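Undergrad: Note that the protein sequences, when read in sequence, are chains P and S.
Convert by adding 38 to the 1-based position in the first sequence; the result is the number in the numbering used here.
Convert by adding 41 to the 1-based position in the second sequence; the result is the number in the numbering used here.
Positions of the beta carbon are idealized from the N, C-alpha and C atoms, including for glycine.
The model shown is predicted, which means the values in this text are computed figures rather than measured ones.
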Amino acid sequence: QVTLRESGPALVKPTQTLILTCTFSGFSLTTTEVCVNWIRQPPGKALEWLALIDWEDDKYYTPSLKTRLSISKDTSKNQVVLRMTNMDPLDSATYYCARSDNIASRHGFDSWGQGTLVTVSS
Amino acid sequence: DIQMTQSPSSLSASVGDRVTITCRASQSISKYLNWYQQSPGKAPKLLIYAASTLQSGVPSRFSGSGSGTDFTLTISSLQPEDFTTYYCQQSYTSPLTFGGGTKVEMK
Numbered sequence: 039q040v041t042l043r044e045s046g047p048a049l050v051k052p053t054q055t056l057i058l059t060c061t062f063s064g065f066s067l068t069t070t071e072v073c074v075n076w077i078r079q080p081p082g083k084a085l086e087w088l089a090l091i092d093w094e095d096d097k098y099y100t101p102s103l104k105t106r107l108s109i110s111k112d113t114s115k116n117q118v119v120l121r122m123t124n125m126d127p128l129d130s131a132t133y134y135c136a137r138s139d140n141i142a143s144r145h146g147f148d149s150w151g152q153g154t155l156v157t158v159s160s
Numbered sequence: 042d043i044q045m046t047q048s049p050s051s052l053s054a055s056v057g058d059r060v061t062i063t064c065r066a067s068q069s070i071s072k073y074l075n076w077y078q079q080s081p082g083k084a085p086k087l088l089i090y091a092a093s094t095l096q097s098g099v100p101s102r103f104s105g106s107g108s109g110t111d112f113t114l115t116i117s118s119l120q121p122e123d124f125t126t127y128y129c130q131q132s133y134t135s136p137l138t139f140g141g142g143t144k145v146e147m148k
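1. Would you mind telling me which residues of chain P sit closer than 7 Å to F84(S), beta carbon to beta carbon, in chain order?
2. Who are the neighbours of P101(P) on chain S, taking C-beta pairs under 8 Å?
3. Taking its Cβ as the centre, do 16 or more other Cβ atoms sit within 10 Å of M125(P), making it buried, or is it exposed?
4. Taking only three categories from DSSP, how would you classify D111(S)?
5. G82(S): buried (16+ other C-beta within 10 angstroms of its C-beta) or exposed?
6. Considering only the beta carbon of each residue, do Q215(S) and I70(S) sit closer than 7 Å?
7. To be precise: take each residue of the stretch 117-132 of chain S, compare its Cβ to all Cβ atoms of chain P, and keep it if any distance is under 7 Å. Which residues remain?
8. Closer than 7 Å between beta carbons: that is the criterion. Which residues of the stretch 40-74 of chain P meet it against chain S?
9. For the beta strand (DSSP E) holding Q79(P), just list the boundary residues, first then last.
10. Note down the Cα distance separating T60(S) from T115(S), rounded to an integer number of angstroms.
11. Consult DSSP for E122(S) and reduce its assignment to one of helix, strand or coil.
12. With DSSP as the reference, label S102(P) as helix, strand or coil.
13. Within the same chain, show all residues whose beta-carbon is closer than 7 Å to that of V50(P), passing over the 5 residues directly before and after it, in chain order.
14. Of all the options A84(S), S51(S), S55(S) and Y73(S), which has the alpha carbon lying nearest to the alpha carbon of S135(S)?
15. Indicate the three-state DSSP secondary structure (helix, strand or coil) for D95(P) in the structure shown.
16. I'd like to know if S130(P) contacts chain S, where contact means its C-beta is closer than 7 Å to some C-beta of that chain.
17. Kindly indicate which residue of T113(S), D123(S), P121(S) and S118(S) has the alpha-carbon position closest to the one of W76(S).
18. Exposed or buried, which one is L128(P) when buried takes at least 16 other CB atoms within 10 Å?
19. Rounded to whole angstroms, what's the CA-CA distance from R65(S) to M45(S)? Just pull it up for me.
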């Protein structure tokens, strides 16, 4: 059974760096074509894909946030970490991690964490 | 970036109705279109991938069609648990992008 769980601070101040951890089980990030993605959703708004890391440690980012994002993995701990610098109130959202079985999500994001709500406020 | 436009943004329907939601891509994405269902306070759930392939465990009343730029999600007979929000997502190229969502409400 595949499970993912996001963890991190619920509240960050403007200009701070957000660090979120996705801890997963039921699959390995060393398996060919497996990827972990980060996706966010501001309250009442649509989903936005942010970044992914694949089984070969290749990383992909959405261009509009590329300078602020960093994704990494620790395969021994089954964890993926997302860092987002210079947080702004507009970054307030529920952040999800999700699995896909190829870098283009050709078979969709087939498993999701429950999400973690991050509020940016002073 | 490829823009994904869903229509309508909301619709009202009754249990048993046939419902169709449309998703249009700003350029051709071949068959690489996925559909998700999201209930309030929950993570999205994958319904259909590659335009028409039903994800394992998803009821057969859900179906998808289309290719190129125009796609549809059809619910053949709306059930009470289907009154929620649906998103399309293109998986043709990075950055992966979602539509704005369609909320299905009870009439």
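TA: Inspection of the coordinates gives the following:
1. Note on identity: in this sequence residue 84(S) is Ala, with Phe being the wrong assignment. What A84(S) touches in chain P: Y134, W150, G151, Q152 and G153.
2. D42 and P136
3. buried
4. strand
5. exposed
6. Missing from the structure shown is residue 215(S); chain S here goes from 42 to 148 and no further.
7. Y128 and S132
8. none
9. C73 to Q79
10. Here residue 60(S) turns out to be Val, not Thr, going by the sequence shown. About 6 Å.
11. helix
12. helix
13. L56, M125, V156 and V158
14. Ranking the options by Cα distance to S135(S), first place goes to Y73(S).
15. coil
16. no
17. T113(S)
18. exposed
19. 6 Å
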